[in-house]
Amino acid sequence: QVQLVESGGGLVQPGGSLSLSCAASGSITSINVMGWYRQAPGKQRETVATITYNSGHTNYTTSVKGRFTISKDNAKRTVYLQMNSLEPEDPAVYYCRIRTLYNGDYWGQGTQVTVSS
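Under the working numbering, think of the first position of the sequence shown as 121, with each following residue one higher.
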């Protein structure tokens, strides 16, 4: 059974940094894209950043460009999100997602990110 275990959320002051990680366990094959998504209260879940498994090509939503960095470690089947210069608009539950070519998608349980002074 595949599980995605996230860690690294928490409380940070505006302008601060947090680092999220998401490790996949279990038998997972044909990984295509790994990504981070977030959902704030009363809002729809949105894509924050994605990275392709083989090429490492990245995409970011406009509001986080230059502040967040997505990366991965294929050997550890782990995807990371380094978040710098956190803003009051960034608080949300952050979810990781692994999309595969032939076996569907997997989601993490979510980790809360709070930005407050």
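Just so it is clear, CB atoms sit at the ideal spot from N, CA and C, and this is done for glycine as well.
Beta-bridge pairing of residue i - partner residues as DSSP gives them
| i | result |
| --- | --- |
| R165 | BP columns for R165 are empty, so no partner. |
| L206 | DSSP output for L206 lists no bridge partner at all. |
| V199 | C142, K192 |
| Q159 | V213 |
| N152 | In the DSSP output, where bridge partners are listed per residue, N152 has none listed. |
Rounded distance between the beta-carbons of residue j and residue i, thought under 8 Å
| i | j | result |
| --- | --- | --- |
| Q123 | S139 | About 20 Å; that fails the 8 Å criterion. |
| T167 | V153 | Actually they are not in contact, since the Cβ atoms of T167 and V153 sit about 10 Å apart, beyond 8 Å. |
| N223 | T149 | 6 Å |
| G228 | V125 | 7 Å |
| Q159 | V213 | 5 Å |
Whether residue i touches residue j by CB criterion (8 Å)
| i | j | result |
| --- | --- | --- |
| R187 | M203 | yes |
| V161 | S237 | Just to set this straight, residue 161 is Pro in the shown sequence, not Val. Their beta carbons are not under 8 Å apart, which means P161 does not touch S237 by this criterion. |
| W156 | L221 | no |
| G129 | S141 | no |
| A76 | I151 | Nothing can be reported for residue 76, as the shown portion of the chain is limited to 121 through 237. |
| K192 | V184 | no |
| R197 | A143 | yes |
| L206 | S147 | no |
Check your understanding: Three or more C-beta pairs closer than 8 Å, one from the segment 221-236 and one from the segment 168-186: is that the case here?
Key -> Taking a cut-off of 8 Å for Cβ pairs, the segment 221-236 and the segment 168-186 do not touch, as fewer than three such pairs fall below it.
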